[in-house]
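Chemist: If you read the sequences in order, they're chains A and B. Residue numbers are given in my numbering: position 48 of the first sequence equals residue 90, and the series is strictly consecutive. Residue numbers are given in my numbering: position 235 of the second sequence equals residue 277, and the series is strictly consecutive. Cβ coordinates follow ideal geometry from the N, Cα and C atoms, glycine included. Everything numeric in this text was worked out from a predicted model, so none of it was measured. The structure under discussion is supplied below as structure tokens; questions concerning it will follow.
There are 2 protein chains.
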Amino acid sequence: MPRFEPVVRESTPSIIAGKLRKAIGLGHIPPGAQLGEAELARELGVSRGPLREAMQRLTQEGLLISIRNRGLFVITMTDDEVRDMYVARTAVERAAAELILQKGFEDVVARLLDLVKAMKKAADAEDLDALSEADMAYHETLVVSAGSTRLTRMHQTLLTETRMCLTALEKKYPDPHTRVAEHQAIAEALGAGNAELVEELLISHMDDALQRLTDNENEGLASGCDGNRSSRIGGIESGKQPATA
Amino acid sequence: MPRFEPVVRESTPSIIAGKLRKAIGLGHIPPGAQLGEAELARELGVSRGPLREAMQRLTQEGLLISIRNRGLFVITMTDDEVRDMYVARTAVERAAAELILQKGFEDVVARLLDLVKAMKKAADAEDLDALSEADMAYHETLVVSAGSTRLTRMHQTLLTETRMCLTALEKKYPDPHTRVAEHQAIAEALGAGNAELVEELLISHMDDALQRLTDNENEGLASGCDGNRSSRIGGIESGKQPATA
DNA sequence: TACCGTAGAATTATCGACAGTCCTCGCCGG
DNA sequence: CCGGCGAGGACTGTCGATAATTCTACGGTA
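What follows is the structure, given as structure tokens:
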């Protein structure tokens with residue numbers, strides 16, 4: 043561990059982008075909401091310039107969509123969007139798992155099992171927030187441990203979108219312990235060095251999550267993840283939903 | 043195909059980002075070079091505001107790295123960077139291929155084979171630029187045809203980086219026809235619906251390319267892809283190389 | 001000769017202000 | 001009653017100017 047913080051702080055747009063990412067993931071800025079520049083700038087205590095730069099970052103990530111002369115809006119996760127997100131997540135995490143298997147992986151497995159333990163604890167306490175948090179930390183650890191800059195960066199966006207959906211349609215998981223077991227199985231397969239099993243478990247884990255998120259009461263995510271009946275937590279709202287970026 | 047162009051033009055930062063991406067891929071702005079705001083703004087005919095927003099997009103993509111109060115620099119592709127890039131590319135393109143196999147794929151295969159034909163033609167004419175162009179169009183078509191927004195967006199960055207390296211150490215391919223054959227084999231395996239074969243060919247294709255890019259004269263890419271002896275095509279240069287984003 | 005400190009220049013970071021565009025709402029005519 | 005029209009307001013897009021920081025070069029000193 044380094045004894046000193048890096049002398050160069052990260053740039054202001056980067057910091058702001060992080061805050062916005064967090065706010066979007068937590069649902070403080072609901073899906074479909076418009077990001078008013080003046081108001082956000084006031085809230086964050088910065089000028090509109092750096093704020094706009096940060097928002098361009100999130101636009102590039104796909105978390106926001108831009109409509110000229112109208113503004114920037116948080117994406118709304120339709121069923122297709124959720125499907126696409128899980129396609130990308132599967133691609134990234136599978137590649138990460140393979141990378142880990144190629145390199146050393148003892149310590150990674152240990153860290154993952156620690157997080158499984160945390161999940162189990164949260165599941166026993168029926169603390170669904172903590173469970174989701176540990177869940178996401180698990181997947182983040184998996185990808186970060188692979189040591190790939192690009193996979194990590196891609197995954198960061200995908201995790202935000204995941205959290206966004208989990209926040210929106212909170213508590214849709216049927217059995218918390220099933221969730222824990224799936225993660226544990228993946229970690230153990232990793233520890234055994236069984237590449238094929240890891241892939242199989244990972245893919246089915248993603249499929250399960252996708253099923254849970256899209257097959258609820260045959261109206262998809264419209265009720266939970268769409269901004270049309272948004273909760274307006276952030277005090278920002280928008281009338282209609284844009285279509286393209 | 044749509045009869046009208048979308049009424050809403052894409053935002054200015056998006057346009058500028060595209061131009062910068064192209065310039066970086068083509069090597070007009072060499073690896074390691076600093077992007078001076080004033081000069082670029084003058085060249086592009088815009089103010090520094092929109093330009094900065096565009097550069098933040100590329101920073102988020104990982105094409106630029108930012109150092110506070112110093113400026114933005116084009117990344118230098120070390121051997122590890124190239125390796126990482128191909129890891130990510132493999133992950134994305136493999137997922138795209140699987141998606142295509144799950145959906146219909148006749149027309150996709152046809153388009154890919156067309157591009158293979160173009161490659162063959164370029165190879166016969168020994169036009170290496172056209173060959174590279176068709177090569178990249180092939181991979182772009184593969185991913186775009188999968189219909190995944192996220193995979194496509196991720197891949198866009200990776201293709202820029204690929205072009206960057208190809209531009210830097212131009213003409214490192216031993217036999218152009220081998221290159222064509224590999225692409226043709228992948229397209230044919232796709233057409234046959236043979237998922238396992240597609241994966242195998244795709245992965246080995248990536249490995250081959252990686253070998254060619256990293257194993258040259260045992261000094262890695264330092265001579266071709268590093269900015270230390272940069273060609274300064276863009277007239278922009280920078281002394282030392284930064285380490286982090 | 002080598003090192004340290006300092007003044008100058010250049011570049012970035014941030015802010016405030018202006019111009020352009022779109023949406024809203026009320027009014028008028030059919 | 002309904003549809004078109006226009007003024008007003010709000011927001012984004014863009015630009016120029018100012019403040020802060022860093023790099024460079026030069027001169028002094030041990």
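(1) Can you find the residues in the same chain that come closer than 7 Å, C-beta to C-beta, to Ala229 (chain B), ignoring five residues on each side of it along the sequence?
(2) Alpha carbons only, please: which of B:Thr220, B:Leu201, B:Thr120 is nearest the one belonging to Tyr180 (chain B)?
(3) Across which residues does DSSP place Gly78 (chain A) in a beta bridge pair?
(4) Inspect the CB distances between the region 132–141 of chain A and the region 187–207 of chain A and report whether three or more fall short of 8 Å.
(5) Would Ser53 (chain A) pass as an interface residue toward chain B - the criterion being a Cβ-Cβ separation below 9 Å?
(6) Give me the Cα-Cα distance between Thr256 (chain B) and Val124 (chain B), rounded to the nearest whole angstrom.
(7) Grab me the residues of Glu140 (chain B)'s own chain with a C-beta within less than 7 Å of its C-beta, minus the 5 sequence neighbours each way, in chain order.
(8) Is the Cβ-Cβ distance between Glu203 (chain A) and Met119 (chain A) less than 9 Å?
(9) Tell me the rounded alpha-carbon separation between Thr54 (chain A) and Thr220 (chain B).
(10) Per DSSP, what kind of secondary structure is Ser190 (chain B) in: helix, strand or coil?
(11) Can you have a look at Glu224 (chain B) and say buried or exposed, based on whether 16 or more other CB atoms are within 10 angstroms of its CB?
(12) Under the rule that 16 or more other beta-carbon atoms within 10 Å means buried, what is Lys145 (chain A), buried or exposed?
(13) Val116 (chain A) by DSSP, collapsed to three states: which one?
(14) For Met206 (chain A) versus Pro92 (chain A), is the C-beta spacing smaller than 9 Å?
(15) To the nearest angstrom, report how far apart Gly69 (chain B) and Ala80 (chain A) are at their CA atoms.
(16) Measure from the C-beta of Val134 (chain A) to each C-beta in chain B and report whether the shortest distance is under 9 Å.
(17) Counting only beta-carbon separations shorter than 9 Å, does Val240 (chain A) have a partner in chain B?
(18) Using only CA atoms, which one of B:Arg90, B:Gly78, B:Leu86, B:Ile58 lies nearest to Leu100 (chain B)?
(19) Among A:Glu85, A:Arg112, A:Arg192, A:Leu252, which residue has its Cα nearest to the Cα of Glu52 (chain B)?
(20) Is it buried or exposed, Gly87 (chain A), if we count other Cβ atoms within 10 angstroms and call 16 or more buried?
(21) The alpha helix (DSSP H) with Leu255 (chain A) in it runs from where to where?
Modeler: Concretely, from the data shown:
(1) Cβ within range, chain order: Val151, Leu154, Leu155, Val158.
(2) When only C-alpha atoms are compared, the closest one is B:Leu201.
(3) BP columns for Gly78 (chain A) are empty, so no partner.
(4) yes
(5) yes
(6) 8 Å
(7) Ala237
(8) Yes, the pair counts as a contact, with Cβ atoms nearer than the cut-off.
(9) 48 Å
(10) coil
(11) buried
(12) exposed
(13) DSSP, read as helix, strand or coil, puts Val116 (chain A) in strand.
(14) no
(15) 38 Å
(16) yes
(17) Against chain B, the CB of Val240 (chain A) has no partner CB under 9 Å away; the residue lies outside that interface.
(18) B:Ile58
(19) The shortest Cα separation from Glu52 (chain B) among A:Glu85, A:Arg112, A:Arg192, A:Leu252 belongs to A:Arg112.
(20) exposed
(21) 237–256
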